[in-house]
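Residue numbers (my numbering): 17 to 321.
Here is the structure we will look at.
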Amino acid sequence: MQFQLPPDTPRGPLTRFAPAPTGYLHLGHAASAVWVWGVARALGGTVLLRIEDHDRGRSRREYEQAILEDLEWLGLEPDLGLPSEYRGGSSEYRQSDRAAVYERELARLTGAGLVFSCDCSRRRLRESGTDMPNVETRYDGRCRHRGLAPESGRGVRVRMEPGEEQFVDLRLGVQTQTPVEQCGDLLIRDRLGQWTYQFAVTVDDWEEGVNLVVRGEDLLESTGRQLRLARLLGRPSGPRFLHHPLIMSPSGAKLSKANRDTGVRELRVAGVSPEEVLGAAAAATGLLVEPATIAAEDLGALFKV
Ligand code: GLU
17 MQFQLPPDTP RGPLTRFAPA PTGYLHLGHA ASAVWVWGVA RALGGTVLLR
67 IEDHDRGRSR REYEQAILED LEWLGLEPDL GLPSEYRGGS SEYRQSDRAA
117 VYERELARLT GAGLVFSCDC SRRRLRESGT DMPNVETRYD GRCRHRGLAP
167 ESGRGVRVRM EPGEEQFVDL RLGVQTQTPV EQCGDLLIRD RLGQWTYQFA
217 VTVDDWEEGV NLVVRGEDLL ESTGRQLRLA RLLGRPSGPR FLHHPLIMSP
267 SGAKLSKANR DTGVRELRVA GVSPEEVLGA AAAATGLLVE PATIAAEDLG
317 ALFKV
């Protein structure tokens with residue numbers, strides 16, 4: 017059961033696998049990896065391994081090491097952002113080593129008059145009434161016109177004007193999103209001085225030349241705002257996107273790092289082979305009719321070009 021890639025999918029793309037080192041790899045990550053490596057190999061492309069440790073409070077080097085080890089055990093070798101480079105110290109692809117790049121891009125937005133300081137706490141946003149149950153927190157624009165000076169303890173937001181963002185997902189077809197209604201003015205640096213996921217990932221995808229983003233459907237809602245932000249940063253056209261299905265736990269919830277039973281390490285210790293893990297991940301996301309073994313070097317065969 018191959019996945020047919022649309023005819024206009026870029027050939028020889030640069031794509032990326034971008035885990036956050038806030039826990040161990042689980043079957044959901046393995047599924048993402050199957051899609052990333054599979055699509056890249058089917059199209060003669062390149063895989064970049066990016067360590068997304070922008071969240072300093074939750075990221076740990078110990079998890080980064082474990083992720084590198086688990087990827088190696090699965091046989092998944094990136095072409096850029098090699099494990100040996102990460103182990104060697106600083107890396108041009110580890111987000112916490114890229115502060116100078118983010119500072120430069122923030123300066124670009126500041127120069128264009130597109131950002132403002134914000135001292136709102138999450139609590140205030142929750143209580144402001146714009147935070148609907150089960151819907152993400154939408155910023156209500158309170159500090160937009162307050163003219164607060166940038167100082168420590170204040171966050172930075174980028175002004176988002178109303179309007180739709182449309183893109184064609186390579187699996188889901190045409191998508192229309194309205195970033196202002198979803199999230200309001202996007203937070204790019206939080207009150208602790210940490211770069212946010214949305215900002216770091218948008219800067220990185222552009223700066224590193226990523227032209228095909230393959231990732232889980234849980235991030236579909238982020239895509240419109242990332243395209244918008246990329247344009248504000250000067251990227252003329254964004255990358256292409258393919259959002260793959262997620263693996264749900266038996267209870268129907270998204271798999272998380274807390275699901276120890278589906279941890280790649282636990283499976284390994286239980287005697288499951290790398291080929292069985294990749295086969296199970298492929299089957300659970302609709303790439304195989306039933307779990308079968310598949311080796312990392314054969315993942316390209318799951319996709320029809
Ligand atoms: N770092 C994100 C995660 O671990 C992935 C971000 C992305 O693919 O855009 O879920």
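All C-beta atoms, glycine included, are put in the ideal place defined by N, C-alpha and C.
Would the beta-carbon of E68 be found less than 7 Å away from any heavy atom of the ligand GLU?
For the purposes of this step, residue 68 is taken as the residue at position 52 of the sequence shown. Yes - the ligand GLU has a heavy atom lying nearer than 7 Å to the Cβ of E68.
Alpha-carbon spacing of L228 relative to I204, whole angstroms:
Here the question's residue 228 lines up with position 212 in the sequence shown. Here the question's residue 204 lines up with position 188 in the sequence shown. Cα to Cα, the separation comes out at about 23 Å.
Which ranges would you report for the alpha helix (DSSP H) in the stretch 176-251 if only whole runs of at least 4 residues count?
Counting only runs of 4 or more residues that sit fully inside the stretch 176-251, the alpha helix (DSSP H) segments are 195-198, 213-223, 239-248, in chain order.
Can you tell me which of the three DSSP states H45 falls into?
Translated into the one-based positions of the sequence shown, residue 45 becomes position 29. Of the three classes helix, strand and coil, the one that applies to H45 here is helix, per DSSP.
In chain order, what residues of the same chain have a beta carbon less than 6 Å from the beta carbon of L92, not counting five sequence neighbours either side?
Here residue 92 refers to the residue found at position 76 when the sequence shown is read from its first residue. Excluding sequence neighbours, L92 sits near A49, W53, A312.
Return yes when the Cβ of T301 is within less than 8 Å of the Cβ of I263, no when it is not.
As a first step, residue 263 is located in the sequence shown; it is residue number 247 there, counting from the start. As a first step, residue 301 is located in the sequence shown; it is residue number 285 there, counting from the start. Yes, they are a contact pair.
Suppose the cutoff is 6 Å on Cβ atoms and the five residues either side in sequence are ignored; what does the same chain contact list for L236 look like?
For the purposes of this step, residue 236 is identified with residue 220 of the sequence shown, where counting begins at 1. For L236, where only same-chain residues beyond five positions count, the Cβ hits under 6 Å are H259.
Spatially closest choice to C159 from G200, A123, P178, R187, by CA coordinates
In the sequence shown, counting from the first residue as 1, residue 159 sits at position 143. Nearest option by C-alpha distance: G200.
Take the Cβ of G169 as the centre, count every other Cβ of all protein chains shown within 10 Å, and call the residue buried at 16 or more, exposed below.
Your numbering for residue 169 matches position 153 in the sequence shown. G169 should be labelled exposed.
Which of helix, strand or coil DSSP assigns to Q20
For the purposes of this step, residue 20 is taken as residue 4 along the sequence shown, with counting starting at 1. DSSP, reduced to helix, strand and coil, places Q20 within a strand of the structure shown.
Cα-Cα separation between E143 and G157, rounded to whole angstroms:
Residue mapping note: residue 143 aligns to position 127 of the sequence shown, counting from 1. Residue mapping note: residue 157 aligns to position 141 of the sequence shown, counting from 1. Approximately 14 Å, taken between the alpha carbons.
Residue range of the unbroken beta strand (DSSP E) whose run includes G171
Indexing the sequence shown from 1 puts residue 171 at position 155. Unbroken beta strand (DSSP E) run through G171: 171-174.
What residue range is occupied by the uninterrupted alpha helix (DSSP H) comprising T309?
As a first step, residue 309 is located in the sequence shown; it is residue number 293 there, counting from the start. If you look at T309, you'll find it isn't in any alpha helix (DSSP H); DSSP assigns it neither H nor E.
Entirely enclosed alpha helix (DSSP H) segments - the stretch 69-157, minimum 4 residues
Entirely contained in the stretch 69-157, the alpha helix (DSSP H) runs reaching 4 residues are, in chain order, 77-90, 99-103, 115-127, 138-143.
Nearest residue (CA-CA) to F324, options L304, R231, L294, A317
Nothing about residue 324 can be reported from this structure: the residues present for the chain run from 17 to 321 only.
Where does V50 sit, in a helix, a strand or coil, going by DSSP?
Locating residue 50 in the sequence shown gives position 34, where the first residue counts as 1. Reduced to three states, the DSSP call for V50 is helix.
Are three or more beta carbon pairs between the stretch 24-39 and the stretch 286-298 nearer than 8 Å?
The stretch 286-298 and the stretch 24-39 do not touch, with fewer than three beta-carbon pairs separated by less than 8 Å.
Helix, strand or coil, according to DSSP, for R32 in the structure here?
Numbered from its first residue, the sequence shown carries residue 32 at position 16. In the three-state reduction of the DSSP assignment, R32 falls in the strand class, which pools E and B.
Continuous beta strand (DSSP E) stretch holding R162: start and end
Residue mapping note: residue 162 aligns to position 146 of the sequence shown, counting from 1. Element bounds for R162: n/a, residue is neither H nor E.
Consider the C-beta atom of R231 and the heavy atoms of the ligand GLU; say whether any pair is separated by less than 7 Å.
Mapped onto the sequence shown, residue 231 falls at position 215. Checking the Cβ of R231 against the ligand GLU gives yes.
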